[in-house]
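Report on the following structure.
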Amino acid sequence: MGRRENAVAAGTRQLEALALWLRAQRQRKGISYATMAKTIDYRFTASVLSRAANGHTVPSWRLVEAYTRACDAEAGTAEALRLWKAARWAEENRRRRGGTPQDFQDLAATVDSALTHPQLIESFGQLRRAMIQLRAKEGQPSLSALQHKAGRTPNGRHHRLPKSSLSAILRGEALPSREHVTAFMETMGQSRRKVQRWEMAWDRIAEKGTAPPPTRTSRRHLMPDETTPPAHTARTPAAVVIRIQEAPTTAHSTPDTPAAGNATLKLAVTPGDFDYLRMHGPQTRKRARLTRAWLRPQPPLPPAGYTRAGLPIRNPRRYRTAFTDSTQPPGLPPAVPQGPGVPWGKPPTVETILVKQVRQPRPTPATEPTGGPLPRPGSNATRR
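Position one of the sequence shown corresponds to residue 2 (this note's numbering), numbered consecutively onward.
Take a look at the structure:
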């Protein structure tokens with residue numbers, strides 16, 4: 002078993018429960034962390050497995066799952082997942098309410114839970130906050146994992162919960178549809194009864210006039226008598242009129258089939274949620290950032306010939322003289338014209354001067370200094 006472990010010093014009781022449960026599994030098996038690392042083929046080292054049960058931070062689910070497998074506790078994987086989700090959610094709440102006084106943290110948690118209840122949600126902004134909270138309670142799964150878990154539509158052509166759409170919804174840049182809410186709640190493990198409550202909440206928001214905006218009009222959805230898309234006219238926030246083309250009557254139509262024609266659907270739209278998108282959208286944030294950059298006081302320009310740091314701008318020697326075809330630097334052969342349309346010619350020969358290296362004679366004793374010859378490196382100075 003090795004040396005005894007230190008006491009668990011966790012910040013929340015949920016994290017403490019997870020750390021104690023992991024230690025209990027290792028003590029039940031009676032193995033060391035080195036043996037555990039060898040059992041899982043060193044996917045995690047012994048030190049990493051030890052830190053998973055010290056209670057300082059919430060370990061990842063991959064680490065908790067590997068710890069459980071190393072202790073042969075696959076039967077308790079569901080319990081480990083429950084404890085891990087609770088510890089992660091408690092740590093997230095602790096981080097969010099860092100500035101809340103200790104006496105009001107329980108009250109803040111109760112109010113937050115009440116405002117995200119499906120029967121009390123009255124706008125798409127509250128629905129978005131509830132979706133973020135549910136995702137955090139489930140351990141903050143990735144968008145790709147949610148897309149894969151939600152599956153595809155009945156025809157199999159599209160995802161029920163695309164990660165691009167879900168990312169825009171959670172960031173507040175798009176409004177969720179009813180199908181998105183249903184797929185998200187089913188992915189979060191909600192029962193069918195709770196999913197129906199969330200669907201009723203979406204219907205209640207849509208009936209109050211905060212329905213999603215209509216889709217764009219493309220050319221293939223135009224009326225037969227229209228050759229160009231309708232111009233964008235000014236719309237009041239009180240109502241939006243959508244024209245719908247019904248299917249034409251064919252020979253196989255039944256008497257109950259409505260006749261061909263144009264129907265008009267009028268939806269009441271209030272600017273409540275759209276104002277939120279205008280104020281917190283990506284374009285608004287970018288425009289505000291650029292405005293702050295322009296309004297901030299700009300430093301004066303430096304004098305001519307100096308940089309902003311006050312250093313003089315040097316003129317390198319190699320750029321002082323501009324050489325052309327007529328003026329070549331001394332010592333170089335004349336330039337050879339090159340390029341398309343110029344016949345290739347042999348470059349002019351340059352006269353080569355052979356320099357013979359002459360070995361200098363060694364000085365004689367008569368020409369040596371008075372003190373005698375200097376000792377060679379590595380030789381004995383007393384030897385002559």
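Positions of the beta carbon are idealized from the N, C-alpha and C atoms, including for glycine.
Own chain partners of residue i with C-beta closer than 7 angstroms, once the 5 adjacent residues on each side are dropped
i, result
"A11", "E17, A20 and G56"
"S254", "Caution applies to S254, whose pLDDT of 46 falls short of 50 and renders its modelled position unreliable; the value that the coordinates give is listed next. Here the set comprises nothing."
"K30", "C72 and D73"
"A184", "A151, R161 and L162"
"R70", "I41"
"S145", "K164"
"A137", "W90 and E93"
"Y68", "L23, L50 and A53"
"R130", "T117"
"R44", "A67"
"R385", "Residue placement at R385 is flagged as unreliable, the pLDDT there being 49, under the threshold of 50; the coordinate-derived value follows with that caveat. None."
"V182", "W199, E200 and W203"
"D62", "Here the sequence assigns Trp to residue 62, which means Asp is not the residue at that position. The answer, listed in chain order, is W85 and G140."
Integer Cβ distance of residue i from residue j, believed to fall under 8 angstroms
i, j, result
"T13", "A88", "7 angstroms"
"L162", "Q148", "6 angstroms"
"L167", "F125", "So it is not a contact: roughly 14 angstroms between Cβ atoms."
"P119", "A202", "4 angstroms"
"A74", "Q26", "5 angstroms"
"Q141", "T117", "About 16 angstroms; that fails the 8 angstroms criterion."
"R297", "P303", "With 8 angstroms as the limit, R297 and P303 do not qualify as a contact, their Cβ atoms being about 19 angstroms apart."
"A79", "V65", "So it is not a contact: roughly 12 angstroms between Cβ atoms."
"I206", "L128", "7 angstroms"
Chain-order list of residues whose beta-carbon lies under 6 angstroms from that of residue i (same chain, five-residue window excluded)
i, result
"Q15", "A87, A88 and A91"
"M1", "Coverage of the chain is limited to positions 2 through 385, which leaves residue 1 absent and any answer about it impossible."
"R315", "none"
"R83", "none"
"A289", "none"
Identity of the residues DSSP links to residue i by a beta bridge
i, result
"R1", "Since the first residue shown for the chain is 2 and the last is 385, residue 1 is missing from the structure and cannot be characterised."
"Y307", "P313"
Bounding residues of the alpha helix (DSSP H) (the contiguous stretch that carries residue i)
i, result
"R194", "R193 to E208"
"L135", "F125 to K138"
"F185", "R179 to T188"
"E17", "R14 to K30"
"T40", "Y34 to T40"
Own chain partners of residue i with C-beta closer than 8 angstroms, once the 5 adjacent residues on each side are dropped
i, result
"H160", "Q148, A151, G152, R153 and T154"
"R24", "E6, V9 and A54"
"P300", "R309"
"A169", "A175"
"A47", "S33, Y34, A35, M37 and A38"
"E180", "R161"
"E139", "K86, M189 and G190"
"V59", "L16, L19, W85, A88, R89 and E92"
"Y307", "P313 and I314"
"R236", "Low local confidence applies: a pLDDT of 40 at R236 is under 50, so the model's placement there is unreliable, and no value is given."
"R95", "G12 and T13"
"E123", "R205, I206 and K209"
"G311", "P303"
Interface flag, residue i vs chain B, CB-CB below 8 angstroms
i, result
"D42", "Among the chains of the structure shown, chain B does not appear; only one protein chain is present."
Exercise for review: Ignoring anything shorter than 4 residues or poking outside the region 54–100, list the alpha helix (DSSP H) runs there in chain order.
Suggested key: 62–71 and 78–97
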